[in-house]
Amino acid sequence: MASASATLLKSSPIINKSEWIKGQNLRQPSVCVIRCHPTSAALTIRASSYADELVKTAKTIASPGRGILAMDESNATCGKRLDSIGLENTEANRQAYRTLLVSAPGLGEYISGAILFEETLYQSTVDGKKMVDVLVEQNIVPGIKVDKGLVPLPGSNNESWCQGLDGLSSRTAAYYQQGARFAKWRTVVSIPNGPSALAVKEAAWGLARYAAISQDSGLVPIVEPEILLDGEHGIDRTFEVAQKVWAEVFFYLAENNVLFEGILLKPSMVTPGAECKEKATPQQVADYTLKLLHRRIPPAVPGIMFLSGGQSEVEATLNLNAMNQSPNPWHVSFSYARALQNTCLKTWGGRPENVKAAQDALLTRAKANSLAQLGKYTGEGESEEAKKGMFVKGYVY
Ligand code: 13P
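Structure below.
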């Protein structure tokens, strides 16, 4: 089948595949549909008509001193957050909290993109403005979580796989219409449970299919194979697994003709397992993580936006800062949920009179991480709350 396709491509009177790929690399605008049909059986190859826009969006998000606010908790996860401050998980409470986040004054100075859950993409603020419009006014690019969550992976060692490919292209097209310009798909890899070759392959293939589909709808895909913090393993084991995972992810991204200039990555930092007795310093985390990135990530990728994964707010900022002490081939930044929101959520506590203080808490974290992106964070004056770890064993996002 593959060689038959190659023959068809070769004999195409219109354009051959290598010219098409070359055109895509050069970011030429929109070869939309290429038909190769020396016989009546047509083979159609589609290149993203959004190539230029994808590159631009990715660069905007990966701009100096800025990173991503992940506020895409599913309704179930958002419920856990609200429960921790004694609030009921109602649409009105979720709307109140998310209004507080998106309308924090001046947030766009430090935040270039915000990942939303589907409900928020279509939701208005408590004052009746579209959440998406508030973000755009703040110079923040709206994004959307498109995966449908994790389920057990049959045939594996109690590992999971990520659902959501069925019907994805209709959803991504609708999300683009609604104002989203980037997407997120989070799958996980567990070190204590393996990872099995099957789980790694499934994670990588799913990410690559999702990335190709998102680009086809004009959304920059955030590629997120989270290597969970769970486990007693040391940092070398995390490094070994991360190398394997990223090798496989890039193999399948390339196989799916994903435009590397139009993606963003969301890796876990390379750290010891949460239950490992030996802790790592920010310098060690930075050394291991940068070594991994240099070995596995092509410089064509514009941005590496780390997840926080249960680290404390301060730890996540210190580690990011350590990675930005000398220039990197990519923009090395953050896409934190817990490490940006924790103090903010607690400060708010569901009380209208605390909204301003909670927004200030969010801005404090956003600014600290902005400084860390520039390698200029000192760690001075941080609250005790911000130093508390947030690791939860077996955490489900
Ligand atoms: P945390 O920063 O809380 O790990 O969340 C990451 C994430 O995937 C949300 O998009």
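Take 1 as the starting number for the sequence shown in the numbering used here and just add one per residue.
C-beta: ideal position from N, C-alpha, C; glycine also.
The model shown is predicted, which means the values in this text are computed figures rather than measured ones.
Own chain, CB closer than 7 Å to residue i, minus 5 neighbours either side, in chain order
| i | result |
| --- | --- |
| N354 | T347, W348 |
| M269 | V285, T289, F306, N319 |
| T343 | E313, A361, R365, S383, E385, A386 |
| T57 | V141, R181, F182, V220 |
| P329 | P299 |
Any chain D beta carbon closer than 8 Å to residue i
| i | result |
| --- | --- |
| V249 | Looking at the structure shown, chain D is missing, and only one protein chain is on hand. |
Any non-hydrogen atom of the ligand 13P closer than 7 Å to residue i Cβ
| i | result |
| --- | --- |
| S217 | no |
| R338 | yes |
| L307 | yes |
| A203 | no |
| S124 | no |
| R115 | Here the sequence assigns Ile to residue 115, which means Arg is not the residue at that position. At least one heavy atom of the ligand 13P is nearer than 7 Å to the Cβ of I115, so yes. |
| A300 | no |
| D147 | no |
| R186 | yes |
| S160 | no |
| A386 | no |
| D72 | yes |
| S333 | no |
| E255 | no |
| E278 | no |
Exposure label - residue i; buried when at least 16 CB within 10 Å
| i | result |
| --- | --- |
| Q359 | buried |
| T238 | buried |
| A197 | exposed |
| S326 | exposed |
| E380 | exposed |
| S84 | exposed |
| P267 | buried |
| V126 | exposed |
| C36 | Only weak support is given to the placement of C36: the predicted model assigns it a pLDDT of 44, under 50, and the value that follows is read from those uncertain coordinates. Under this definition C36 is a buried residue. |
| P352 | exposed |
| K277 | exposed |
| K376 | exposed |
| K145 | buried |
| D147 | buried |
| G167 | exposed |
| D236 | exposed |
| T271 | buried |
Close beta carbons around residue i, own chain, < 6 Å, minus the five adjacent residues each side
| i | result |
| --- | --- |
| R209 | L165 |
| S312 | K387, K388, G389 |
| L228 | V188, S190 |
| L101 | M71 |
| L340 | L69, R365 |
| S169 | I213 |
| L363 | A104 |
Which of helix, strand or coil DSSP assigns to residue i
| i | result |
| --- | --- |
| M305 | strand |
| H233 | coil |
| L410 | Since the displayed the chain opens at 1 and closes at 397, residue 410 lies outside it and no answer follows. |
| I21 | Bear in mind that a pLDDT of 32 at I21, under 50, signals an unreliable position, so the model cannot answer this. |
| W348 | helix |
| F391 | coil |
| R171 | helix |
| V332 | strand |
| R81 | helix |
| F260 | helix |
| G179 | coil |
| E226 | strand |
Among the options, nearest to residue i - alpha-carbon criterion
| i | options | result |
| --- | --- | --- |
| F334 | N369, S312, T125 | N369 |
| H294 | G262, K279, A242 | A242 |
| K201 | V141, D216, S160 | S160 |
| Y336 | Y110, Y50, G79 | Y110 |
| G86 | L345, K367, T378, L371 | L345 |
| A203 | G128, G234, S217, E226 | E226 |
Cβ-based neighbour list, residue i, same chain, cut-off 8 Å, excluding 5 preceding and 5 following
| i | result |
| --- | --- |
| P298 | F250, F260 |
| Q373 | P64, G65, R66, G67, L320, N324, H331, V332, S333, F334 |
| A247 | R296 |
| V392 | G310 |
Contact test: residue i Cβ vs the ligand ADP heavy atom, cutoff 7 Å
| i | result |
| --- | --- |
| I111 | Ligands present in the displayed structure are limited to the ligand 13P, and the ligand ADP is not among them. |
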